[in-house]
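**Student:** Can you read through this structure? Questions will come right after.
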Amino acid sequence: MDALDLILGLLFIVLLTSGGWIVWGVVQSRQRAHELKVLREREATERARLQIEADERAQERADRIYLDAVHRHTDPEPRELKRAAPEDRDDG
Numbered sequence: 001m002d003a004l005d006l007i008l009g010l011l012f013i014v015l016l017t018s019g020g021w022i023v024w025g026v027v028q029s030r031q032r033a034h035e036l037k038v039l040r041e042r043e044a045t046e047r048a049r050l051q052i053e054a055d056e057r058a059q060e061r062a063d064r065i066y067l068d069a070v071h072r073h074t075d076p077e078p079r080e081l082k083r084a085a086p087e088d089r090d091d092g
């Protein structure tokens with residue numbers, strides 16, 4: 001009976017220590033998976049932010065081009081002629 005108690009005791013200790021390592025490994029892998037998920041979400045958020053900024057710049061550029069075209073076509077006198085007009089006039 002003493003040999004059986006010794007074997008069962010050793011088996012219990014081995015299972016207890018290896019079980020602790022198994023639990024530690026599972027916890028570490030879950031933590032790593034969570035960290036990777038957070039990093040992927042952060043990366044996706046950063047990509048979305050950069051895309052929004054690029055879209056805003058493109059929209060601002062399009063607005064500027066549109067407003068320049070509107071001013072060019074709606075001004076009664078083009079800007080170039082306004083600057084050149086006083087020099088070209090003959091008051092004589």
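Counted from 1, the sequence shown has number 48 at position 48 by full-length UniProt numbering; the numbering is strictly sequential. Quick reminder that beta carbons are idealized off the backbone N, C-alpha and C, glycines included.
1. Quick check on D5: does DSSP put it in helix, strand or coil?
2. Determine the direct distance from the alpha carbon of E35 to that of R57, and round the result to whole angstroms.
3. Would you tell me roughly how many angstroms separate the C-alpha atoms of D5 and L16, rounded to the nearest one?
**Tutor:** In short, the structure shows the following:
1. helix
2. 33 Å
3. D5 and L16: Cα-Cα distance of roughly 16 Å.
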